[in-house]
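Residue numbers (my numbering), protein chains in the order written: chain A, 476 to 1147; chain B, 77 to 750.
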């Protein structure tokens, strides 16, 4: 019947692809980060796509229990694959990424093990890491509590030292002290890294980390006086519901003193608290690494949504049919381009800033090894801001792509609802986005104060050394094409960020109580921080396109996308540029015209530019985003797989529908 | 072990202190928001009826499989119908009840679309035949318009209804895959009849899209009729959400229906196959459209108010940072960043409520005019209601999600009620007119109005200000200090000037262009913005009008004034680039607006909890552990967690097959299923 016409090798997007003006393969290599990274990605993506255990299309249709059980299966199967094929760490990470389903192993490898490496003594590492590496124990990271998230110092769980037995007593004194959210905790983990207030000699030394076994290694039942379970269903079908985010309570649970992670501080047998002399800044390296990964992830998630929306917009037609010609492709409408193409440019921007953060991580690591902590405040602020901005934009961008797919985007078959649901927690975990931006703002004010007293700002804050110029100069754009000049663009973003920061800095400086002025001004400070972060991305994108990039037309495409990215930010935030007096409204309107000219430059390359992300159909998991563009056939086929279609006459007909239709609501057959 | 939460005292109210600080009479505000004493009483009665009936419990919804969810929604729909009949509820009461049940099901479409369409498009004879059966639910109808390949462009539909004079029948057919009817609610599994929109073909001529009643399932055993393919289109966004609805697909393979099943009020086909247009003015259909859009705007306010209620209450309970010297941490609602994102949404919920009241008046006005064959203000009414539908649903959808984010991590739990609220609401941006397309219609109207103004026609209603375009494009804002922004005429002028200038700017571009259609397309992003500015002006102006009236109840009027100013200033600061770019405002005036906005946050703060209490939502309707009236958030989050299916067994299902082999390094062992 209908829907079966699907022929092998159909490509409804062939014409789009033929129109591309650059060498696709070179762009793929560029986006992957080089030949080696490209090869690994491709191999792992195909491995996952071709293994039926990793199939995911039924995910949104199965009840939570089945979904969870299946994710345990996938995790185990992945581990088996990793061991059988002897995969490297890089390959294993990629494999887990392509499986595309949150499970306990992410926390085990991504949080538990790195925390051990960073905070355990060598002796402790020697004891725990070998077991963790072979997964003889499964660990999670138990920090947040029911009543406490971002403010780690406010945690309530206690670890009280009992010198008489040389043990810590872990306890959850209140309801709000219940550990809440840790992934892998709910049902899978055997051990937890528990953050608790260290109390010894009746004194509270603040929050420290402890390794606590929570389940039996024999039969997996929770240990005595440990209450542990799952915290319940989360946003969306599938999504994060494959993860057992958990709750955990201790009722005076005893652990050996040695289970306290003692790299940075120790408690002696006698109960004496001793801070080590290891510089605490060493922990920053791990933080930069984690944030670098988050920014790279942001680019990947956004690229998946954009791939789906671009391909579907090229397939979907609407209005404008004339003289037997088909309707117009949705991607040809300016309103569609106006919302979609800036997101496409944003993906490229975040990919490039991700590359730069890898370099930054290497640089920081080297400095830390040499005990050079000079750039840390700047690096901390920059990575905090980039984490905040890229995750917030990506989450909203995925949802925007879903809306750009019209009604069909609302079907789980589009892949977009699940993508949004699984991504959006990134705005909250590893630092709430708003709080991070306020940290950036604090850094900016401090930097300005220091610049005032002669200290030269470094790295991404270097432009603040140029404040005199940036607060007095005016933009020189007089024609639309002037906006394509990189130095013009850069100056505009620098001037805007500098002026917003200076504006805030002056108001806070004038206030009698600078802390309450900071809170009063916090909405503006958040905006100033955003402006600073956008400048970072724009400047890294500009730096990149000024380099040589191999492949026909590749550099030209990147230039177009770079300009589009910057101009889209500029027009969307034109109020900032206008209010600070740097731009005139005429210059904004030239920017808008130029932006449209760039839409036209992107249009013939749009499908190829998303092809360059090189996502497999398996990874996209979307009928709308299929490589072959055979959208309708697959939407139709997919519909029939819904559980409601298992029976022709619906379950519940006899109990609840027939009595209505037959006016027998009070009759014997009615269950109403 | 679960004992930790059993300590709860019964009548706790963690928000009592917040409530005690309110500076207005909450009950009077409730009556104002309900739209009067009568509406308030009906709402309260029906809300409680639903909340107290265990059949309508909904807390398990996010945990159910789709099949269970759907079956349970059939039960709820049937049970509701039984109550309506037993208690002899009025139409108003029945509508309220269906809303408070808060779960989309087939009866929404039956009453809201199928019957409404019959009334508007069927002849009296046809109404006589079908409505009686529909009113007693002896038939269940759905509204089958959109197709797999065709949504907004109704004229592009592919389904055909070809007249065969030899049998006096129409032959319904789905010629292509993309012609499959797709999305109609209630179609998938429940409906017996569908109102099918298809191209009418008679005498080999295509007369465009018309409506036909087609029976699709047997009234005896509910089996699809021969040559009818019908089913559900699959899982939609979110847990629960719209998945209780059987949005369906439908295909016809040359299905025959009697000629009389074509709805013939506006056009008919004779026995001989002759197509005849009736002389009834087609504009009569606009009344129903205004009614539906009025309902959508009212609903936007209700949905946004639910999300805001949850976020405000939770923000007052939640504490974070700043715990000093044994003092508790600071309530999250006290942070300016939280207020900056949350309070404008609170003001917006009030604004949309008020514009909804006004649209009720507009509907009555239009109905009267149509009865008198006065079609003069229809273009304005059409544009205004299209625009209001578009902005209120977009802002509400984004606002719900914003409220969810404002609840931090816990907002991501279904127990917060917010994920489901968003998922259930967001289709409102697409149905009954895609929001972007609607704004482009508004833009077209604005350009046309400006052209007419130039040739001397006076614009009416919400477009009247465009008659003043000379003044509005030359005047400058007179604000010189923050307080000036509290003057209603200053605010009104600012929004009028901005909107007029944006519209004029676009119009000049289009007028200068050689091909105006092409120019319109090229300029469409700016046109959308101009249309949005126009719609925001409408809401601001209606809010100002309302706040200037006498409103009973101590402090009520003062609160509305604050919210009105906050609503307007929040829009102004968010869209300051428009005001700046058109030269109406200076950067300093924008700074004044921002400072004044913060002063308004401080006015709202002590009243925030009472202002959401005034929406008067039951805990059942909110369905949120975070938004509970008593603020006992953590106890209920904790209790709720234990109800998850994963917590049914202490050792997880899958342990022996998939976890133990990992932990014991027996991946290749006999017990491993890996």
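C-beta: ideal position from N, C-alpha, C; glycine also.
By the 10 Å Cβ neighbour count, where 16 or more other Cβ atoms means buried, how is residue i classified, buried or exposed?
i               : result
residue 879(A)  : buried
residue 420(B)  : buried
residue 450(B)  : exposed
residue 652(A)  : buried
residue 1144(A) : exposed
residue 299(B)  : exposed
residue 660(B)  : buried
residue 737(A)  : buried
residue 725(A)  : buried
residue 576(B)  : buried
What residues of chain A sit near residue i, judged by a beta carbon separation below 7 Å?
i              : result
residue 155(B) : 1147
residue 652(B) : 1050, 1054
residue 178(B) : Near residue 178(B) there are no residues of chain A at all, since even the closest Cβ is about 17 Å away, more than 7 Å.
residue 731(B) : 695
residue 397(B) : 626
For residue i, which residues from the same chain have a beta carbon less than 6 Å from its beta carbon, with the 5 sequence-adjacent residues on both sides left out?
i               : result
residue 577(A)  : 715, 717, 718
residue 1001(A) : 912
residue 942(A)  : 973
Give me the Cβ distance between residue i and residue j, rounded to the nearest whole Å; I'm assuming they're in contact under 8 Å.
i              : j               : result
residue 328(B) : residue 304(B)  : 6 Å
residue 671(A) : residue 633(A)  : 6 Å
residue 496(B) : residue 490(B)  : 6 Å
residue 456(A) : residue 778(A)  : What the structure shows of chain A is the stretch from 476 to 1147, and residue 456(A) is not part of that stretch, so it cannot be assessed.
residue 105(B) : residue 690(B)  : 4 Å
residue 47(B)  : residue 492(B)  : The first residue shown for chain B is 77 and the last is 750, placing residue 47(B) beyond what the model contains.
residue 311(B) : residue 1117(A) : 6 Å
residue 705(A) : residue 722(B)  : 4 Å
residue 335(B) : residue 245(B)  : 6 Å
Find the residues of chain A that neighbour residue i, judging by a C-beta separation of less than 8 Å, and give them in chain order.
i              : result
residue 227(B) : 793, 881, 882
residue 743(B) : 551, 554, 555, 558
residue 300(B) : 1123
Report the neighbours of residue i on chain B: residues whose CB is nearer than 9 Å to its CB, in chain order.
i              : result
residue 536(A) : 141, 142, 310, 311
residue 902(A) : 481
residue 613(A) : 735, 738, 739
At 8 Å on the CB atoms, spell out the chain B contacts of residue i, in chain order.
i               : result
residue 1060(A) : 656, 657, 658, 659
residue 848(A)  : Under the 8 Å cutoff, chain B gives no residues; its nearest Cβ is about 26 Å from residue 848(A).
Please go through the same chain and pick out, in chain order, the residues whose beta-carbon is closer than 8 Å to the beta-carbon of residue i, but skip the five residues on each side of it.
i              : result
residue 309(B) : 258, 259, 264, 323, 324, 325
Can you pull the chain B neighbours of residue i, defined as C-beta to C-beta under 7 Å?
i              : result
residue 827(A) : Within 7 Å Cβ-Cβ: nothing; residue 827(A) doesn't reach chain B, min ~26 Å.
residue 706(A) : 489, 717
residue 656(A) : 485
Going along chain A, which residues have a C-beta under 9 Å from residue i?
i              : result
residue 158(B) : 1134, 1135, 1140, 1141, 1145, 1147
residue 216(B) : 1132, 1135, 1136
Excluding sequence positions up to five away, which residues of its chain have a Cβ less than 7 Å from the Cβ of residue i?
i               : result
residue 118(B)  : 168, 169, 172
residue 1062(A) : 950, 952
Is the number of C-beta pairs between the segment 923-935 of chain A and the segment 741-761 of chain A that are closer than 8 Å three or more?
no
Please confirm if the segment 406-419 of chain B is in contact with the segment 450-458 of chain B, defined as three or more CB-CB distances below 8 Å between the two stretches.
no
With a cut-off of 8 Å, do at least 3 Cβ pairs link the segment 1019-1034 of chain A to the segment 502-512 of chain A?
Taking 8 Å as the limit for Cβ pairs, the verdict is that the segment 502-512 of chain A does touch the segment 1019-1034 of chain A.
Counting Cβ pairs, one atom from each stretch, are 3 or more of them under 8 Å apart for the segment 674-694 of chain A and the segment 845-856 of chain A?
No contact exists between the segment 674-694 of chain A and the segment 845-856 of chain A.
Would you call the segment 223-241 of chain B in contact with the segment 162-177 of chain B, where contact means no fewer than 3 C-beta pairs closer than 8 Å?
no
So, do the segment 1074-1081 of chain A and the segment 1031-1041 of chain A have three or more beta carbon pairs nearer to each other than 8 Å?
yes
Determine contact between the segment 637-651 of chain B and the segment 675-683 of chain B, defined as no fewer than three beta-carbon pairs at a distance below 8 Å.
With a cut-off of 8 Å, the segment 675-683 of chain B and the segment 637-651 of chain B count as touching, because enough Cβ pairs lie within range.
Touching or not, the segment 876-895 of chain A and the segment 774-789 of chain A, by the rule of three or more beta carbon pairs under 8 Å?
yes
Taking 8 Å as the cut-off, does the segment 1128-1143 of chain A touch the segment 205-214 of chain B (at least 3 CB pairs, one atom from each stretch)?
yes
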